[in-house]
């Protein structure tokens, strides 16, 4: 009788909460685990979406009488690489690096369009990992309740 192996899925980001992985890529980690005798069957991207960019919140102000924020984000090096996005996440703040879906970006079940929210033009969406199609069972409480916070050194 052969024993049936059980597969385990681990989030690279979740592992970083317990181990310093700042100098190792997911592929390098998989190779090291395999060398140590732990079989790694593969590395799978968990998020789904196209047309996403890394952006930095350079302005953030509350919209009166709502839970929303009017943000200006910078998503490139050019002078015109900024846009306004209305965001409802409680963790949205000045200086935060985020995943932005600009008009035309495709997320699971939705194509992002510019549209007004509470009378303010919103040119995209700041994304949580759930909005990128990642099942909540793979996320931390912080990731479930807000937009994804990227490392400070994430390239814009």
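In the working numbering, the protein residues as written are 486 to 641.
The beta carbon of each residue, even a glycine, is placed where N, CA and C say it ideally should be.
message: Among the candidates 500, 582, 532, whose CA atom is the shortest distance from the CA of residue 636?
response: 582
message: I'd like the span of the beta strand (DSSP E) that includes residue 517, first residue to last.
response: Taken as a continuous stretch (DSSP letters only), residue 517 belongs to no beta strand (DSSP E), being part of the alpha helix (DSSP H) at 511 to 520.
task: Please name the residue in 557, 518, 563, 565 whose C-alpha comes closest to that of residue 571.
output: The residue with the shortest Cα to Cα distance from residue 571 is 557.
message: Give the list of continuous beta strand (DSSP E) stretches no shorter than 3 residues that lie fully inside the region 541 to 613.
response: 554 to 559, 567 to 572, 582 to 592, 600 to 602, 605 to 607
- prompt: Which residues in the same chain have their Cβ closer than 8 angstroms to the Cβ of residue 566, if we skip the five residues on either side of it in sequence?
  reply: Taken in chain order, the residues that qualify are 559, 560.
query: Within the 7 angstroms Cβ cut-off, does residue 576 reach chain C?
result: In the structure shown, chain C cannot be found, because there is only a single protein chain.
- request: Leaving aside the five residues before and after residue 528 along the sequence, list all residues of the same chain whose C-beta is less than 7 angstroms from its C-beta, in chain order.
  value: 511, 512, 515
task: Decide if residue 554 is buried, meaning its Cβ has at least 16 other Cβ atoms within 10 Å, or exposed.
output: buried
message: Classify residue 504: buried if its beta carbon has 16 or more other beta carbons within 10 angstroms, exposed otherwise.
response: exposed
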